[in-house]
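Okay, so here's the structure we're looking at.
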Amino acid sequence: MVDILEGIAKAIQLIITGDPTLYGIVYRSLFFSGIAVLLAMLWGTPIAMLIGLRDFRGKTIIKGFFNSLIGIPTVVLGLVLYLVFSKGGPLGFLQLLYTPGAIILGEAVLVTPILISIATTAIEAVDPEIMNLAKTLGASESQAAIAVLKEAINGVLLSNIASFNRAIAELGVALLVGGNIAGLTDILTTAISRYTQRGELDLAIALGIILMVIVFLINMIIITARKAKMLFTLGRSPQ
Amino acid sequence: MLTAATIGTILVVAGTITYFQYFAKRRLIISTTTSLYDTGLLEEIEKNYEATHNVDINIISAGTGIAIQHAQNGDADVILVHSPSMEKTFLEQGYGLNRKIIAYNFFTIVGPDADPARISRRNATEAFKSIVAYGESLSDQSGQTKVWVSRGDNSGTHSKEQSLWKAAGYNYTLISAEPWYASVGSGMGDTLNIANQKSAYTLSDIGTYLKFWKEGTISLTALLIEEKSLLNVYSVMAVNQTVPANQTLHSQINYVDAMEFIHYLVSDETQQFIENYGKTDYGQSLFYGAVQPLRDNAPQPLVKWIQDSAFFDGYECPPQYRNGYPELYT
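As you go down the protein sequences, you meet chains A and B in turn. Residue numbers 1 to 239, in the working numbering, belong to the letters of the first sequence in order. Residue numbers 1001 to 1330, in the working numbering, belong to the letters of the second sequence in order.
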């Protein structure tokens, strides 16, 4: 069996010497996940605002729906998206399969439920009086909504960080719709899978270390922020 | 608020797509069997090809079954596979064109050094019988102890394994349900690792095995000698742009670049490159070029073996499945 310590030593060497293959993969991972979260934020935040600020029939069901989608197995979503993006599928004409665009869209869809759920909780935790106050002071409906969003900003930021964490650590979607093409659609998780399968363990370990560092840093940010009570709104239940 | 978000979303999507379109060269998507990819051969060919052609080669590595599935969905332009029976169906259904046999090597059964089933240097049929006898003689029949690990992923290697069981006189469905039989549904590399971990036997192409053995990842030994039933023939096919059953599906196939790539694979230089690949590292070729011996119709038994196991109706590609490019078949 391969000497683990030797593998780690070689991996660290790859990280230090700035191996271009390695850093290409890291760059793609950060880039795809970043754009995916940006997209999810753009369509997810308004949805969270609608759910969080309005009272309507079926609100609990909708919240429950997004909550249960948080845990969707990435490989199932990957399969569904493969069928959608495949040339015979409904969005086949876009020719997105096996392109970075497919991974970005797929990850954006993947993180949308987690983003909406956390952001909704944060928005609901804002004192409803703020909305009324803003309106009394002459704010329009959307200006009042923005005032609420400002109050909930920490929770909304957390929803983005958690989404990024989920996107960068997922494998199924990127593997199935990205195809793990070297230099084009291989990202940290899929490349680890490939290099392990090919027996090129140095590179796999190096990528694993980097992925762990990224995930660790993200979680440190969340924990530190919570400790600093920046995100106190999350602990409180609505009403 | 909503308007701003909608505009933002559209801008980001459009920006991202433009960004990638701007950098994109013409794409040629190759769906391939894991052995050609995991050994690193295909990546080297890709590098050489891209250096001289203005095309971006995208390799999707999966088993032969999945590669064929991709091509049927119109998601690949070229397939490189090694399962003559599946290839035949693929051609007959109108999905594939211009098949060329490009390389061959041999399958072997690899297993623990101690070889508890004593299959070393026996032929495939005897080896399978010994493995079954050994599996049945185990005191532990709870399914914890595995003697045989199978790809189980509908790949070319998996389909070869099934035909070898059949040739040895076993019903594959029954054999695969035995407690000592493990089906892992994974690529060759993973399967070798699992067999190594469990000190079990498995069927492997010699190329992937040698790479893993050389790198010290596995300590299994290759136990069978080269024989006709273990022949492993790799071929390439272009995906048909005009599948009668579904016109629109395949209209985007990059047929012209696919054919150029096929010509490149069968060229003398590439054939030589394939033959030399890994020679210095492994002390032997991982793959042998098949084009020259077939063209010369050389008298060695190997040509006969290839013709017997991988030709359809006496042709590597029967005329009705060819489309232009007659120089490929002279």
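Note that the Cβ used here is the ideal one computed from N, Cα and C, for glycine as well.
By the rule that beta-carbons nearer than 8 angstroms mark a contact, residue 98 of chain A touches chain B.
Taking 8 angstroms as the cut-off, the beta carbon of residue 1104 of chain B is found no closer than this to the beta carbon of residue 1150 of chain B. By the Cβ rule, the segment 1168-1180 of chain B counts as touching the segment 1134-1151 of chain B, because three or more pairs are nearer than 8 angstroms. The segment 1205-1213 of chain B and the segment 1282-1301 of chain B touch, with three or more beta-carbon pairs separated by less than 8 angstroms. Taking a 10 Å sphere around the C-beta of residue 212 of chain A, we find fewer than 16 other C-beta atoms and assign the residue as exposed. Excluding the 5 residues flanking it on each side, residue 148 of chain A has same chain C-beta neighbours closer than 7 angstroms at 53, 123, 126, 130 and 131, in chain order. Under the Cβ criterion of 8 angstroms, residue 198 of chain A is counted among the residues facing chain B.
Residues of the segment 1040-1051 of chain B that bring their beta carbon within less than 9 angstroms of a beta carbon in chain A comprise 1040, 1043 and 1046, in sequence order.
For residue 1258 of chain B, the closest C-alpha among the options B:1013, B:1026 and B:1004 is that of B:1026.
For residue 1219 of chain B, no beta strand (DSSP E) run applies, since DSSP gives it neither H nor E. For residue 10 of chain A, no chain B residue has a C-beta closer than 7 angstroms to its own C-beta; the minimum C-beta separation is roughly 12 angstroms.
Per DSSP, reduced to three states, the secondary structure at residue 1225 of chain B is coil, with no helix or strand assignment. Contact between the segment 86-95 of chain A and the segment 182-193 of chain A is absent: fewer than 3 CB-CB pairs across the two stretches fall below 8 angstroms.
Interface residue (Cβ-Cβ distance to chain B less than 8 angstroms): residue 45 of chain A is classified as such. The beta carbon of residue 163 of chain A does not come within 8 angstroms of any beta carbon belonging to chain B, so the residue lies off that interface.
For residue 84 of chain A, same chain residues with a beta-carbon under 6 angstroms away, outside a window of 5 residues either side, are 90 and 91 in chain order. DSSP, reduced to helix, strand and coil, places residue 31 of chain A within a helical segment of the structure shown. Against chain A, the CB of residue 1211 of chain B has a partner CB under 8 angstroms away; the residue lies at that interface. DSSP places residue 1165 of chain B in the helix class (H, G or I) of the three-state scheme.
Taken in chain order, the whole beta strand (DSSP E) runs of length 3 or more contained in the segment 1035-1071 of chain B are 1055-1061. Along the segment 69-92 of chain A, the positions whose C-beta sits under 7 angstroms from a C-beta of chain B are 86, 87 and 88, read in chain order. Sorting A:156, A:19, A:208 and A:173 by C-alpha distance to the C-alpha of residue 48 of chain A places A:156 at the top.
For residue 133 of chain A and residue 35 of chain A, the gap between their C-alpha atoms comes out near 35 angstroms. Taking all protein chains in view, the Cβ of residue 1011 of chain B is surrounded by fewer than 16 other Cβ atoms within 10 Å, so the residue is classified as exposed.
Residue 1239 of chain B is a Cβ neighbour of residue 1253 of chain B, given a cutoff of 8 angstroms. The C-beta of residue 1059 of chain B comes closer than 8 angstroms to at least one C-beta of chain A.
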